[in-house]
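1 is the number of the first residue of the sequence shown in full-length UniProt numbering; add one for each residue after it.
Think of the CB as a built atom: it goes at the ideal place given N, C-alpha and C, for glycine as much as any other residue.
From a predicted model like this one, the values you see are computed outputs, not experimental measurements.
Here's the structure we're looking at; comments come further down.
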Amino acid sequence: MSNASSFTVGIVGATGAVGQELLQLVHERAFPFARLRLFASARSAGKQVTVAGKTYTVEEAKPGVFADVDVAFFAAGGSVTRALAPDAIKAGCLVIDKSSAFRMEPDVPLVIPEINPQDLRNHKGLIANPNCSTAVTLMALWPLHKAFGLKRYFAATYQSVSGTGAEAVRELDDQVNAIVTGKPVVKKVYPYQIAYNLIPQIDSFGADGYTGEENKMMIESRKIMGLPNLKVSATCIRVPVVRAHSIAVNAEFERPVNVAEARAAVAAFAGAELVDDPANRKYPTPLDFARKVKCGVGRIRVDTALDNGLALWVSGDNLWKGAALNAVQNAELMIREGWLKPKRA
1 MSNASSFTVG IVGATGAVGQ ELLQLVHERA FPFARLRLFA SARSAGKQVT
51 VAGKTYTVEE AKPGVFADVD VAFFAAGGSV TRALAPDAIK AGCLVIDKSS
101 AFRMEPDVPL VIPEINPQDL RNHKGLIANP NCSTAVTLMA LWPLHKAFGL
151 KRYFAATYQS VSGTGAEAVR ELDDQVNAIV TGKPVVKKVY PYQIAYNLIP
201 QIDSFGADGY TGEENKMMIE SRKIMGLPNL KVSATCIRVP VVRAHSIAVN
251 AEFERPVNVA EARAAVAAFA GAELVDDPAN RKYPTPLDFA RKVKCGVGRI
301 RVDTALDNGL ALWVSGDNLW KGAALNAVQN AELMIREGWL KPKRA
């Protein structure tokens with residue numbers, strides 16, 4: 001980035017899966033920091049982490065540590081955000097939070113920078129990141145909404161185990177190894193075996209039969225897209241894939257749809273990569289879109305059950321666009337626009 005390296009940046013939850021991605025991304029993308037501080041639980045305090053030839057010592061995340069921090073990326077869960085974000089904000093630190101703790105508060109911007117960057121200006125010290133499946137889905141739907149006017153959508157997600165965390169990745173590996181070697185399968189993270197299986201539950205069930213993950217997709221889509229009356233129905237499924245989520249989407253629009261125009265709209269959108277050549281078996285897969293900035297969109301076709309409908313497939317990295325990358329992109333945009341400046345500038 002063009003700005004001088006003058007920001008003090010904090011990563012809260014630096015030893016977790018998303019925290020580790022944040023650490024890599026601020027180095028890879030040359031985020032303009034003069035100082036980088038890593039925070040985690042008291043149990044992790046004192047650990048050393050090396051990235052890009054630099055070694056950092058993890059500090060305990062607690063009140064009072066944010067006095068010199070300009071922007072803090074929170075990736076430690078909702079309880080930590082609720083406990084520490086107010087202290088950081090009081091110290092003049094901008095909080096960009098991955099958790100769902102404050103996403104739906106009316107005065108908290110919920111932002112995907114390719115969709116609603118203007119909302120970043122309205123923050124009161126905290127900016128929320130969307131749920132991973134919401135972020136990936138909207139990378140396909142936003143350009144189509146601009147082209148045809150989105151009325152409603154149905155989504156079936158295929159969500160990787162890294163969305164649960166490092167323990168879930170290990171559990172998948174351990175279960176595959178156990179099956180291959182004829183040993184008993186041990187279940188700890190998930191209620192069912194995840195190896196060679198699908199689990200149609202992500203988060204807890206509500207009284208309406210939908211899970212927390214499914215409800216997040218519904219309500220977050222409305223807020224991010226500025227469509228309060230948007231109708232959404234989602235079924236979220238955990239699959240034995242290590243990294244990157246995929247979503248099968250069926251969407252109905254206000255105006256007549258055209259596949260060629262839909263492909264052109266996706267191809268022109270900054271957040272998406274069109275991979276749609278079915279005759280040559282070209283379409284996105286989670287393996288191909290792990291650690292990619294853009295989300296892959298393909299299999300675009302007219303939906304045979306919806307008026308003005310399109311069916312499509314999208315794959316995107318849940319740890320990048322669904323979490324760490326989106327947070328860093330929000331901060332980068334704010335710096336470019338002059339909306340975020342060092343406290344000591």
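Beta carbon of residue i nearer than 9 Å to that of residue j
{"i": "residue 14", "j": "residue 38", "result": "yes"}
{"i": "residue 310", "j": "residue 148", "result": "yes"}
{"i": "residue 140", "j": "residue 259", "result": "no"}
{"i": "residue 219", "j": "residue 136", "result": "no"}
{"i": "residue 69", "j": "residue 91", "result": "yes"}
{"i": "residue 234", "j": "residue 152", "result": "no"}
{"i": "residue 12", "j": "residue 72", "result": "yes"}
{"i": "residue 130", "j": "residue 316", "result": "no"}
{"i": "residue 214", "j": "residue 159", "result": "no"}
{"i": "residue 172", "j": "residue 202", "result": "no"}
{"i": "residue 293", "j": "residue 282", "result": "no"}
{"i": "residue 168", "j": "residue 190", "result": "yes"}
{"i": "residue 60", "j": "residue 41", "result": "yes"}
{"i": "residue 295", "j": "residue 133", "result": "no"}
Buried versus exposed call for residue i [16 or more other C-beta atoms within 10 Å across all chains shown]
{"i": "residue 206", "result": "exposed"}
{"i": "residue 79", "result": "exposed"}
{"i": "residue 103", "result": "buried"}
{"i": "residue 302", "result": "exposed"}
{"i": "residue 46", "result": "exposed"}
{"i": "residue 192", "result": "exposed"}
{"i": "residue 196", "result": "exposed"}
{"i": "residue 81", "result": "buried"}
{"i": "residue 65", "result": "buried"}
{"i": "residue 338", "result": "exposed"}
{"i": "residue 198", "result": "exposed"}
{"i": "residue 336", "result": "exposed"}
{"i": "residue 209", "result": "exposed"}
{"i": "residue 53", "result": "exposed"}
{"i": "residue 304", "result": "exposed"}
{"i": "residue 211", "result": "buried"}
Close Cβ partners of residue i (< 7 Å) along its chain, the five nearest in sequence each way excluded
{"i": "residue 319", "result": "17, 18, 21, 162 and 243"}
{"i": "residue 119", "result": "109 and 111"}
{"i": "residue 2", "result": "For residue 2, the predicted structure reports a pLDDT of 46, less than 50, and the residue's modelled location is therefore unreliable. A value from the coordinates is still provided. None."}
{"i": "residue 115", "result": "138, 142, 224 and 225"}
{"i": "residue 125", "result": "89, 94 and 95"}
{"i": "residue 7", "result": "32, 33, 34, 70, 71 and 342"}
{"i": "residue 85", "result": "74, 95, 97 and 126"}
Coil, strand or helix - residue i by DSSP
{"i": "residue 29", "result": "coil"}
{"i": "residue 339", "result": "coil"}
{"i": "residue 145", "result": "helix"}
{"i": "residue 100", "result": "coil"}
{"i": "residue 353", "result": "The chain is shown only over 1 to 345; residue 353 falls outside these bounds and no answer can be derived."}
{"i": "residue 236", "result": "strand"}
{"i": "residue 250", "result": "strand"}
{"i": "residue 206", "result": "coil"}
{"i": "residue 315", "result": "strand"}
{"i": "residue 2", "result": "Per-residue confidence for residue 2 stands at a pLDDT of 46, beneath the threshold of 50, marking its modelled position as unreliable; the derived number appears in the next sentence. Residue 2 falls in the coil class under three-state DSSP."}
{"i": "residue 329", "result": "helix"}
{"i": "residue 214", "result": "helix"}
{"i": "residue 220", "result": "helix"}
{"i": "residue 55", "result": "strand"}
{"i": "residue 198", "result": "coil"}
{"i": "residue 60", "result": "strand"}
{"i": "residue 231", "result": "strand"}
{"i": "residue 10", "result": "strand"}
{"i": "residue 95", "result": "strand"}
{"i": "residue 48", "result": "strand"}
{"i": "residue 43", "result": "coil"}
{"i": "residue 321", "result": "helix"}
{"i": "residue 89", "result": "helix"}
{"i": "residue 76", "result": "coil"}
{"i": "residue 18", "result": "helix"}
{"i": "residue 157", "result": "strand"}
{"i": "residue 82", "result": "helix"}
{"i": "residue 169", "result": "helix"}
{"i": "residue 179", "result": "helix"}
{"i": "residue 35", "result": "strand"}
Residues of its chain near residue i, where Cβ-Cβ distance is below 6 Å and the 5 sequence neighbours each way are ignored
{"i": "residue 183", "result": "none"}
{"i": "residue 286", "result": "241, 244, 246 and 315"}
{"i": "residue 113", "result": "329, 330 and 333"}
{"i": "residue 228", "result": "222"}
{"i": "residue 239", "result": "158 and 198"}
{"i": "residue 99", "result": "77, 78 and 81"}
{"i": "residue 123", "result": "109"}
{"i": "residue 48", "result": "55 and 57"}
Proximal residues to residue i (C-beta, below 8 Å), its chain only, five neighbours per side dropped
{"i": "residue 180", "result": "none"}
{"i": "residue 204", "result": "211 and 212"}
The ligand MG heavy atom lying under 8 Å from the CB of residue i
{"i": "residue 226", "result": "This structure lacks the ligand MG, and indeed carries no ligand of any kind."}
What runs of the beta strand (DSSP E), each 3 residues or longer, lie entirely inside the stretch 254–312? 272–274 and 295–302
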